[in-house]
Amino acid sequence: MKRSTLDKLLSATGLIIAIALLAGSGGLFFTYSFIHSQVHNQLAAERITFPEANSEGINALPEPDRDKVAQYAGQDLLTGAQAKVFADNYIAIHLKKIGGGKTYSELSAASMADPTNTQLAGQVSTVFRGETLRGLLLNVYAFDTMAVVAKIAAFGALIASIILFVLVILGFKHAGVAQKKRR
-5 MKRSTLDKLL SATGLIIAIA LLAGSGGLFF TYSFIHSQVH NQLAAERITF
45 PEANSEGINA LPEPDRDKVA QYAGQDLLTG AQAKVFADNY IAIHLKKIGG
95 GKTYSELSAA SMADPTNTQL AGQVSTVFRG ETLRGLLLNV YAFDTMAVVA
145 KIAAFGALIA SIILFVLVIL GFKHAGVAQK KRR
């Protein structure tokens, strides 16, 4: 096989791959944008706000949790990172206090064993609702993290496609040079 023919075949294959990478990059940028805007819009609709700085809601937290929550003091909860902090460093801490350190499952079992204990039934209800909200917020965090991964992959695919386009151009130029040398 002639060198110029080989260069043309390899360059054409590279061109197809570069186009596929470019299209994939566009799809990944769309994925990032869609997920990220959905996370923002859904959280904005809930109107969750972090407690104000030096409020009882923040000051009652243990120090590591207090520091994490305080960085968002008074802000609306609008991002996946904020959702994780609110879930793990605010809601979870308050739920441990409400349930006396027991999980929803443990409280529920105790409540079923003592159905006349209305205080325990109230704890079960509050912890269930809190754990549900916490779980939903952690799902938001997971989806927002997937969006960030899609954005990183999109940049990677875009850069790879640009590099490949440059190599394709060089390959076709080399095919032309090799063909002229052959004559």
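Number 124 in this note's numbering belongs to position 130 of the sequence shown; there are no gaps in the numbering.
Just so you know, even glycine gets a beta-carbon here, dropped at the ideal spot from N, CA and C.
What residue range does the alpha helix (DSSP H) around residue i cover?
| i | result |
| --- | --- |
| F80 | G74 to F80 |
| L16 | R(-3) to E40 |
| P58 | E57 to A64 |
| E50 | E50 to N53 |
Look at residue i and residue j and say whether their C-beta atoms are less than 8 angstroms apart.
| i | j | result |
| --- | --- | --- |
| L0 | V162 | no |
| L22 | A151 | yes |
| G20 | E46 | no |
| L158 | V121 | no |
| L131 | F80 | yes |
| Y66 | A144 | no |
| G74 | V118 | no |
From the DSSP output, read off the bridge partner residues of residue i.
| i | result |
| --- | --- |
| E139 | Per the sequence shown, residue 139 should be read as Thr rather than Glu. For T139, which the question treats as bridged, DSSP gives no partner whatsoever. |
**Prompt:** Which ranges would you report for the beta strand (DSSP E) in the segment 66 to 135 if only whole runs of at least 3 residues count?
**Reply:** none
**Asked** So, do the segment 106 to 120 and the segment 48 to 63 have three or more beta carbon pairs nearer to each other than 8 angstroms?
**Response** Note that the segment 106 to 120 does not touch the segment 48 to 63; fewer than 3 beta-carbon pairs, one per stretch, sit closer than 8 angstroms.
**Prompt:** Okay, do the segment 137 to 149 and the segment 99 to 107 touch, 3+ Cβ pairs below 8 angstroms being the bar?
**Reply:** no
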